[in-house]
Amino acid sequence: MKAIINTNVVMEDHIIWDGVLLYDHNTIVAVGASDSVEIPEGTTVIDAHGKYTTPGFVDIHNHGANEMWMFEKPEEVTEYFLKRGTTTLLCNIFYNLDLEGYLRGIENVRTYLNQKVPHPIIGFYMEGPYMNAKYGADSKNNKWKHPITAAEYQALVDGAGDLAKIWCIAPEREGIEEFCAYAKKVNPDVLFSVGHSEAKPDMIYK
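Take the position in the sequence shown, starting the count at 1, then add 37; the result is the number in the numbering used here.
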């Protein structure tokens, strides 16, 4: 058992000043004002010296840190963010990679996740590949200007599986509806976002 004392605990709609947070094996056992939480004998006490204790940050669109791509070096990048309070991440893979690069990045991250070590990655934010090649920070290196083909997207979607939490797409691209249907078939819980696109509202509503 561990207790963080002398801390200001940030809750959903208020702050507990001079609070205590009691936790055991990564599970919060109790939280409250210092005069309302009993600290069991033998508890390891951590004095926050008046600093704040907050929920972990959530980042749903993250490429990496310190000039490292997360899909290439997931261990180093996630360690960087964990030390800075980000406890939930979606790893970005994006359109300047070809199919082989996408699949290699997916496998790198999957291998890391299979090590069963504490980590913040809950899946992928798939930035493309089927976005409008006219747009984007690195549009000149977009590897996906060619027509959408079933063989290609099936290999990509199958490779990502249920780790693909969000697919960012340009709804105006020909063949995108078939891609979305297949992605939804493989992972019924997947979400779609619109990015690097010039789609009209009626295209998006589909």
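Yeah, the Cβ is synthetic: ideal placement off N, Cα and C, and Gly gets one too.
Counted as a single uninterrupted DSSP element, the alpha helix (DSSP H) harbouring E116 occupies residues P111 to L119.
In this structure G198 is exposed. Its beta-carbon is surrounded by fewer than 16 other beta-carbon atoms within 10 angstroms.
Going by DSSP, T148 is part of no beta strand (DSSP E) but of the alpha helix (DSSP H) stretching over L136 to L150. In this structure, the beta-carbon distance from I203 to I213 does not fall below 8 angstroms. Apart from sequence neighbours up to five positions away, the residues of its chain that approach G122 with a beta-carbon distance below 8 angstroms are T91, G93 and F94, ordered along the chain. Taking C-beta separations shorter than 6 angstroms and ignoring five residues to either side along the sequence, the partners of G173 in its chain run H233, following chain order. G160 is bridged by DSSP to L127. Counting C-beta atoms within 10 angstroms of its own C-beta, Y242 has fewer than 16 neighbours from the protein chains shown and is therefore classed as exposed. No residue range can be given for L200, since it is assigned to no alpha helix (DSSP H) and is classified by DSSP as neither H nor E.
For Y60, the enclosing beta strand (DSSP E) covers residues I52 to D61.
The shortest C-alpha to C-alpha distance from L193 to any of P166, A170, K182 and M48 is the one to P166. Here Y89 carries a strand assignment [DSSP, helix/strand/coil].
For K221, the closest of R210, A201 and P238 by C-alpha to C-alpha distance is A201.
Comparing alpha-carbon positions, the option among S71, G87, A85 and G142 lying closest to M105 turns out to be G142. According to the DSSP secondary-structure assignment, N45 is paired through a beta bridge with Y89. The shortest C-alpha to C-alpha distance from I53 to any of A67, I83 and T81 is the one to A67.
Taken through DSSP and simplified to helix, strand or coil, I83 comes out as strand. By the Cβ criterion, the region 174 to 183 is in contact with the region 124 to 144, since at least three pairs of Cβ atoms, one from each stretch, lie closer than 8 angstroms. Exposure of A188 is indicated by the presence of fewer than 16 other C-beta atoms within 10 angstroms of its C-beta.
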